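**Q** Okay, here's the structure, questions in a sec.
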Amino acid sequence: MISCYSPTKQAITKVSIFAQLFDAFEETSQHESHIAETGILFYRHIRTLLESSKTFDVNSCEEILAKLKSFLTQTKDSISLLQDENREVFSNDLFRELSEAASQIDAIAAQLKKEQKSVVIDSTLGVTDALTLLMKYATLCQEEIVNSGGKSVNAKYYLKDSKWTEGLISAARTVVSSMAFLGEASKSYSSSNGFEGQVESVLVGAKEVAAGTIQLVTAARVKATNLFSPNQLGLENASKQVASTTSSLASVAKKAYMQQFTMSEEATSRNPEDLEASNSHQLTIAERNQQIEIMGLESKLSQARAKLTLIRKKAYNKN
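Okay, so the sequence shown: first residue is 77 according to my numbering, each after it adds one.
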């Protein structure tokens, strides 16, 4: 029997160590990927050889090398298969998420239509119509990318760069969440005649929907090969429609609020105990009280802005 040369013996020693490590790995790899199964099979062969004899001839060494080559080939095939499977699963999740987002927007619109008609409700329904069109073209753009032979989504790219680049799934969820908030704010605004801070909720909701739309359009274009295709142009036009309807909603809400405020002011001016009936001392007291109220509101505003800055910093660090 011809002994293997020293480097080969060292290699076999290293293989025996890997075989021991794989004994522990095998116990936790019962339901793992094709790669783990292939690796286990390879090291089983090596362990059998090690147990059968402590001395290896050249033929044994060549047998190990042959199995190693086979293992590497199978591993490459397994990696390719797993990548294809992961792309398919992620692509299916994406289209399912876009479809679900469209359905949720339709549900929000259906709830709004049950409310008493008002300019704010009608304007909010205009936003839902624009978002429905947006989701339609976002889906068509992804189908176009897949049909052209590109990858529908590169998951690693989106997951490493915070919320802005998480991809279409994150963007679709953001748009739906913002629209749900806007829908509730619009209903509350209409039912309360625009008072008790509801106008601010409508304005914030409209702003969030517009921002979410920008995020979605950006994500939808990441893998696009032709930014001037009919579907991409449709997506751009839909996003412009969302921007227009949210801006219009904000203007309508502000105008309705000012009308309500003017009516309230006129009612106050007709009150017998209005300022016209006050003497100089009473006016001085009223002025002082109003200044105190203004300073209190300004202080609350400063505190609210500082809190908003802190929240944004925390959100940035989390992402």
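Cβ coordinates follow ideal geometry from the N, Cα and C atoms, glycine included.
Remember, predicted model here, so these are calculated numbers, not experimental data.
Alpha carbon to alpha carbon, how far is residue 268 from residue 377?
**A** Sequence index remark: in the sequence shown, residue 268 carries index 192 (1-based). Sequence index remark: in the sequence shown, residue 377 carries index 301 (1-based). Taking the straight line from one Cα to the other gives about 23 Å.
**Q** Suppose the cutoff is 8 Å on Cβ atoms and the five residues either side in sequence are ignored; what does the same chain contact list for residue 354 look like?
**A** Position 278 of the sequence shown, counting from 1, holds the residue named residue 354. Counting only Cβ-Cβ distances below 8 Å, and skipping sequence neighbours, we find 362.
**Q** State the Cα-Cα distance for the pair residue 231 and residue 185, rounded to the nearest angstrom.
**A** Start at 1 with the first residue of the sequence shown, and residue 231 comes out as number 155. Start at 1 with the first residue of the sequence shown, and residue 185 comes out as number 109. Note that residue 231 scores 46 on pLDDT, short of 50, meaning its location in the model is unreliable and no value can be drawn from it.
**Q** Just confirm the distance between the C-beta atoms of residue 291 and residue 247, as a whole number of angstroms; I'd bet it's less than 8 Å.
**A** Translated into the one-based positions of the sequence shown, residue 291 becomes position 215. Translated into the one-based positions of the sequence shown, residue 247 becomes position 171. Confirmed, Cβ separation roughly 5 Å.
**Q** In this structure, does DSSP put residue 389 in helix, strand or coil?
**A** Looking up residue 389 in the sequence shown gives position 313. Looking at residue 389 - three-state DSSP - the assignment turns out to be helix.
**Q** Hey, out of 384, 338, 205 and 333, whose CA is closest to residue 259's CA?
**A** Taking the sequence shown and counting its residues from 1, the one referred to as residue 259 is at position 183. If we check each option's Cα against that of residue 259, 205 comes out closest.
**Q** Quick check on residue 253: does DSSP put it in helix, strand or coil?
**A** Taking the first residue of the sequence shown as 1, we reach residue 253 at position 177. Of the three classes helix, strand and coil, the one that applies to residue 253 here is helix, per DSSP.
**Q** Can residue 325 and residue 199 be called in contact, C-beta distance under 7 Å?
**A** By one-based count along the sequence shown, residue 325 stands at place 249. By one-based count along the sequence shown, residue 199 stands at place 123. Yes, they are a contact pair.
**Q** CA-CA distance, residue 274 and residue 394?
**A** As a first step, residue 274 must be located in the sequence shown, where it is residue number 198. As a first step, residue 394 must be located in the sequence shown, where it is residue number 318. Whole-angstrom Cα-Cα distance: 30 Å.
**Q** Nearest-angstrom Cα distance between residue 368 and residue 375?
**A** As a working mapping, residue 368 is identified with position 292 in the sequence shown. As a working mapping, residue 375 is identified with position 299 in the sequence shown. The straight-line gap from Cα to Cα measures roughly 11 Å.
**Q** DSSP three-state call for residue 378: helix, strand or coil?
**A** In the sequence shown, counting from the first residue as 1, residue 378 sits at position 302. Reduced to three states, the DSSP call for residue 378 is helix.
**Q** Taking 7 Å as the threshold (C-beta atoms), are residue 255 and residue 285 in contact?
**A** Translated into the one-based positions of the sequence shown, residue 285 becomes position 209. Translated into the one-based positions of the sequence shown, residue 255 becomes position 179. Yes, Cβ-Cβ distance for residue 285 and residue 255 is below 7 Å.
**Q** Leaving aside the five residues before and after residue 371 along the sequence, list all residues of the same chain whose C-beta is less than 8 Å from its C-beta, in chain order.
**A** On the sequence shown, position 295 is the one that residue 371 refers to. Excluding residues within five positions, none has a Cβ falling inside 8 Å.
**Q** Given this structure, state the Cα-to-Cα distance separating residue 328 from residue 310, to the nearest angstrom.
**A** For the purposes of this step, residue 328 is identified with residue 252 of the sequence shown, where counting begins at 1. For the purposes of this step, residue 310 is identified with residue 234 of the sequence shown, where counting begins at 1. For residue 328 and residue 310, the distance between alpha carbons rounds to 27 Å.
**Q** Do you know offhand how far residue 301's Cα is from residue 207's?
**A** Residue mapping note: residue 301 aligns to position 225 of the sequence shown, counting from 1. Residue mapping note: residue 207 aligns to position 131 of the sequence shown, counting from 1. Between residue 301 and residue 207, the C-alpha separation is close to 24 Å.
**Q** Put residue 303 into one of helix, strand or coil per three-state DSSP.
**A** Against the sequence shown, residue 303 aligns to sequence position 227. Residue 303 falls in the coil class under three-state DSSP.
**Q** Which whole-angstrom value is the C-beta distance of residue 197 and residue 266, which I expect to be below 8 Å?
**A** In the sequence shown, residue 197 corresponds to position 121, counting from 1. In the sequence shown, residue 266 corresponds to position 190, counting from 1. Going by Cβ atoms, the distance from residue 197 to residue 266 rounds to 6 Å, so yes, they are a contact pair.
**Q** Rounded to whole angstroms, what is the Cα-Cα separation between residue 223 and residue 295?
**A** One-based indexing of the sequence shown puts residue 223 at position 147. One-based indexing of the sequence shown puts residue 295 at position 219. Spanning the two alpha carbons is a distance of roughly 18 Å.
**Q** Please classify residue 192: does DSSP put it in a helix, a strand, or coil?
**A** Taking the first residue of the sequence shown as position 1, residue 192 is located at position 116. DSSP places residue 192 in coil when its eight states are reduced to three.
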